[in-house]
Each structure stands twice: as C-alpha cells, then as structure tokens.
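For the sequence shown, my numbering begins at 900 and goes up steadily by one. First up is the structure itself, then whatever we jot down about it.
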Amino acid sequence: MMKYPIGIQSFDQIIEGNWVYVDKTDLVYRLVTTTKTCFLSRPRRFGKSLLVSTLDAYFKGRKELFDGLMIAKLEKDWHQYPVFKIDFNGVNFTEKGNLEATIEYYLANWEKIYGETPREVPMGKRFEQILSLAYQQTGHRAVVLVDEYDKPILDALDTPLEDANREILKAFYSTFKGADEYLRFVLLTGVTKFSQVSVFSGFNQPKDISMDNHYEALCGVTQVELEHYFAEPIANLAEKFNYTVEEMKDVLKMQYDGYHFGSGLLGVYNPFSLLNTFFKMKFGSYWFETGTPTYLVELLRRYHYDLERMANEETNSDVLNSIYGDEQPIPVIFQSGYLTIKGYDKRFDLYRLGFPNKEVEEGFIKFLMPFYTRFNKIEVPFEIQQFTREIEMGQPDAFFRRLRSFFADTPYEVATDLERHYQNVLFIVFKLVGFYTETEYRTAEGRVDLVVKTSDYIYVMEFKLNGTAEEALQQINDKRYALPFEADRRKVFKIGVNFSAKTRNIEKWLIEVSENVL
C-alpha cells in the first residue's frame, strides 16, 4: 500500500520510511546552482517546509538519501556545508519575548558547535560572527534556511507586538548583508511577500522566485506528477465512486487543481488536500479547514471591498508583490492561497485572479457569511440548504422572505457604505446557492442582474436600491432579460426587487411567471 506523508515535513523521514515522495530534486539542483540568496512565497501547507528539509539534506552531503532521484544524475560533487536552519513554525509570537527567545535558542545551539560569541553584541552581529567561525572551521561557506520568515509578523498583525517583532527581525536579517562573504546559499520561505517590508531594509534583497516560471512546480503537484505518482489511488477512487479514471481526474482537477504561481500558468494541485483525499478515500475541504482566514475577511470589510470583483480581479505584478498594509486586501489574499492567477496579459503585465478551485471557493464564501450577516457558522449550512430547496422547488416567495432575514439587523458600522454591503450579501447568498444550481451574476452601476437555473425553473432577477419593485420588473421586460429563455421548457420567474436604504432591508418584490413551451 502507498504511504502518504501527511504532516511529515522531514525529507529524510520520507525517504527512509518509504513514504510517497514527488521528486522535485531537478528543480532543487537548478536553484542551488543558479541562485545564492532567494525568497519563495507559497500558501500554507504547500510543501515549503519539505523543500527546506530537502535543501538541508542536500547541503549536508547526505548523498544516500537522493539515490534514484533526479539530482543523483546531476550532482557530481557532494560537499558537507555548515547548515543553519531556522524554523519559525510551531511558536506563538503573540506573546512578548517569544521571538527573542526563539532566536536566542538557535544562536546558543550554534555557539555550542562553533564557539561562543560576546553576549552583549546584538543578535544579528552574533549570528554574523557564528557564520564567520563556521566558515573558518569547515572551509565551506554557510547555508542559511529560514522557514516561515514572516510568521512572527503575521501572528502579531494589528497588535502592539507587530512593530516590535518587525524591528527584531529587521536587525536579525541584516546579518545577511554583513556576512555575505561567509554564505554559500540562503533561502527564506513564507506566505507574504517582502518587497516593501521594512524588515529587509539593510539586507541585500533576495531574488524573489515566487512568480518565476522556472519554479512554478517547486511546491505542489502538477498534472504530470499526479498521473505518474498517484495512478493507483486515482483508480481506487474511481472504482469507489463509480467513475472512469478519466472522470475521476476531472473531479480531482475541479476540486484541488488550479493554482498558478507564474505567467506560465502551469497548473499545480494542493498537495495537502490530494494526500488526504487519497488516504481517506473521500473528498473534503482539507486545506481550507486547517486555517481560519479571519484577518483576510477583516481586511475585506475594512476596505468595503466589492466581493464580486474578487473572483475576477485584475492587477499587475507590483501589486501582487506587495504586502499587508498596502491599502488593499488582494495581495495578501493572493499570497495566502485563496486567490490565484487565472490569466496573464503580457503586453500590459496584467494578471487576472480568481479562486483556484472548488474547495477554496466554496470554503471561502461559506466562511464569509457570518461576517456579513447575523447568522453564525453553525446556522449557515442549514440556511443555504433551505435557500437551495426553495429555489429548486419553485418557491421564490419563501426564498425572498428568508433573504430578507439576512439583511435584518444590518450593523450600523456598514451604514456608510450600505449599497456595497447589500451587494456583498447578495453575492455571498447567490454564490453559495450557485454551488448547487447554475447562476450567472454580474454587477454594474449599482444594479445587480441575476439568473438562476435549476432543472425545472429559471429565475431572472433585477434588484434596485431606493427605487421600486415595479421599476425593477419593468426593466426586466423592457430590456427583455428573459428573451434567451423563451424556447426553454422550464418555467421562468421574472422577479423585480427593491432594497430600501431607509429600512436597510428588502422592501418589496414582485414576481411574474411565464410558462414556456418548446
């Protein structure tokens, strides 16, 4: 039976324990032979720690671990370098003193190996001296691997510790400039980008390989790799769910594929969700459920972001390389893995963003609802089930009575941008209903036009703000929104809805029914 290394981030454990390993060592070789100091941004649970562990084993000269892997044919000289690995995972940096204690722990351990340094010297300078001692004693320049470099900042976002942790890291990372002559290779990994972060001032800027087309597949699983390494579990899943193998590949692609980390648009699967699906033999929101993107939702609300734009955002590389605090939520949502690149316009250097796959889109939209309505996360699944049933059973009156309850008790803090709040709630509701039906949603100039299709019914809706339901219904008829469905066998509901800023709720809806005959 195949052994899936879920939660195992140690390269040597995976190889020695005969766990499944997707061979990335040709890319590792390319990286270490063409780059000296680099940075890689990838979402959580995408294999960054395993990459760091692989580099650790490589630079320690553990040739036996790489037998049979691609790098064994490429590397002729295996040297043992002094490796300094820093892992900020597993530490809570919301408590004062934890960051200093963590760095001190690493420094003290290295000093036991390479010799003491003066304690009154700043931590960055102590690290620089340790690197110098390592070079003198081994004759080889040092390798520094920093996993999740940004966790001390992300943990402390919007707290008094954020600036303090930033300054500590700034002083520590400045080491890499003064110690350049002692360094063979440096890699920093993290979720967020660094290009405009003061933590790196005074530091020779690393080469950012996050959107480098050469390294799109450095973490994650490509389609070719999926079919090569996981043919057996794909066949087993297909048999269990009564699909053909090709049909099961399509299901896996829709559920977990779709990440693109460069303009080359090479598709990458989420490895954590894939491994869990193969191990448990069932589909689930494995990656999404391991994180709570609360701070991302707070960003969206703070900037009154139009949620409908999120699935079709266009931006350039400068924006994607920016970080939290740059007056827009999209960069950090992209870097966190909730959005990905869907298209690239080389002429204008424009990237089109969207949700990578069904797991992320459905999970994120469901997560949004309690932040925009009065319903909590326990009530949300029931409400969406009821919404969907009412749509499928041809009960628009019941649907709109339920929808009206979603706008009840609209928080006063959104009153300054009530129209955006109203549009966002509608987007969330109909997006969730759309996972079980077919919806087409578009906005323009404050209007919301919506078409919902089920096996028996078609709903054509027009929403007005501070108008009348009569005007909305008249617009459907005047602009012949229902014309494309005249030859359809299904019953068509034309629905005009008015939303009142005064009551902060749906004021009235009117329904006109037409029976179509083929």
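Ideal placement from N, C-alpha and C gives every residue a C-beta, glycine not left out.
What does glycine 1253 pair with, by DSSP beta-bridge criteria? Looking at the DSSP assignment, glycine 1253 forms a beta bridge with Thr1239.
Assuming the contact rule is C-beta atoms closer than 8 Å, glutamine 1028 and threonine 1037 should be a hit. Round their C-beta distance to whole Å, please. Not really, about 15 Å apart at Cβ, beyond 8 Å.
If we ignore side chains and look at the alpha-carbon of each, how far apart do asparagine 1141 and valine 927 end up? In a straight line, the C-alpha of asparagine 1141 is about 39 Å away from that of valine 927.
With a threshold of 16 other CB atoms inside 10 Å of the CB of arginine 1300, please say whether the residue is buried or exposed. By the neighbour-count criterion, in which 16 or more other beta carbons inside 10 Å mark a residue as buried, arginine 1300 falls on the exposed side.
Using DSSP's beta-bridge definition, name the partner residues of tryptophan 1408. Partner(s): Val1396.
Kindly identify the DSSP beta-bridge partner or partners of isoleucine 985. DSSP, once it has assigned bridges, lists Val1045 as partnering isoleucine 985.
Does the segment 1353 to 1368 come close enough to the segment 1229 to 1248 to have 3 or more Cβ pairs within less than 8 Å? Touching, no.
Can you grab the Cα-Cα spacing for the pair lysine 1401 / methionine 1180, in whole Å? So the two alpha carbons sit approximately 52 Å from each other.
Please report how far the alpha carbon of leucine 1030 lies from the alpha carbon of cysteine 937, in whole angstroms. Taking the straight line from one Cα to the other gives about 18 Å.
Cα-Cα separation, phenylalanine 1129 to methionine 1147: It is roughly 12 Å from the alpha-carbon of phenylalanine 1129 to the alpha-carbon of methionine 1147.
For the beta strand (DSSP E) containing tyrosine 1356, list its first residue and its last residue. DSSP places tyrosine 1356 inside the beta strand (DSSP E), whose first and last residues are 1356 to 1364.
DSSP state of glutamate 963, grouped into three classes? In the displayed model, glutamate 963 falls within a helix according to three-state DSSP.
For glutamate 1282, tell me which candidate among Lys1352, Glu999, Val1328 and Tyr1356 has the shortest Cα-Cα distance. Checking every option, the nearest Cα to that of glutamate 1282 belongs to Val1328.
Determine the contact status of valine 1259 and phenylalanine 1160, defining contact as a CB-CB distance below 8 Å. No, the Cβ-Cβ distance between valine 1259 and phenylalanine 1160 is not below 8 Å.
Of the choices Pro1170, Leu1302 and Leu1372, whose alpha-carbon is the least far from that of arginine 1403? Looking at the Cα atoms, Leu1302 is the closest of the given residues.
So arginine 1083 is in the alpha helix (DSSP H); what residue range does that whole segment cover? That residue, arginine 1083, is in no alpha helix (DSSP H); its beta strand (DSSP E) goes 1082 to 1089.
Look up threonine 1338 in the DSSP assignment and say whether it is helix, strand or coil. Three-state result, threonine 1338: strand.
With DSSP run on the structure shown, which of helix, strand or coil describes threonine 1287? DSSP places threonine 1287 in helix when its eight states are reduced to three.
Who are the near neighbours of phenylalanine 1398 in its chain, counting only those whose CB is closer than 6 Å to its CB and skipping five residues on each side? So the list reads Tyr1321, Leu1364 and Ile1405, once near-sequence residues are dropped.
Using the C-alpha atoms, what's the distance from alanine 1371 back to glutamate 1411? A straight-line Cα-Cα distance of about 12 Å links glutamate 1411 and alanine 1371.
Quick check on the burial criterion: 16 or more other C-beta atoms within 10 angstroms. Buried or exposed for valine 1324? By the neighbour-count criterion, in which 16 or more other beta carbons inside 10 Å mark a residue as buried, valine 1324 falls on the buried side.
Taking the beta strand (DSSP E) that phenylalanine 938 falls in, what are its first and last residues? Boundaries of the beta strand (DSSP E) harbouring phenylalanine 938: 936 to 940, taken from the DSSP string.
Which residues in the same chain have their Cβ closer than 6 Å to the Cβ of tyrosine 1243, if we skip the five residues on either side of it in sequence? Counting only Cβ-Cβ distances below 6 Å, and skipping sequence neighbours, we find Ser1162 and Tyr1250.
Helix, strand or coil: how does DSSP classify glutamate 1213 here? Under the three-state reduction of DSSP output, glutamate 1213 falls in the strand class.
Span of the alpha helix (DSSP H) holding glutamine 1035? For glutamine 1035, the enclosing alpha helix (DSSP H) has its first and last residue at 1022 to 1037.
Within the chosen definition, does the segment 1039 to 1047 reach the segment 951 to 964 through at least 3 CB pairs nearer than 8 Å? Cβ pair count under 8 Å is three or more, so yes.
What's the gap between the Cα of threonine 1338 and the Cα of valine 1196? One alpha carbon belongs to threonine 1338, the other to valine 1196, and they sit about 24 Å apart.
Sub-8 Å separation of valine 1332 and phenylalanine 1384 beta-carbons: Not closer than 8 Å, so no.
What does a CB cutoff of less than 8 Å around phenylalanine 1274 pick up in its chain, not counting 5 residues either side in sequence? Taken in chain order, the residues that qualify are Met1268, Glu1282 and Phe1305.
Relative to the C-alpha of tyrosine 1072, which residue among Pro1230, Glu1138, Phe1326 and Ile1002 is closest? Among Pro1230, Glu1138, Phe1326 and Ile1002, the Cα nearest to that of tyrosine 1072 is on Ile1002.
Buried or exposed by the 16-neighbour rule on C-beta atoms within 10 Å, applied to lysine 1330: Classification for lysine 1330: buried.
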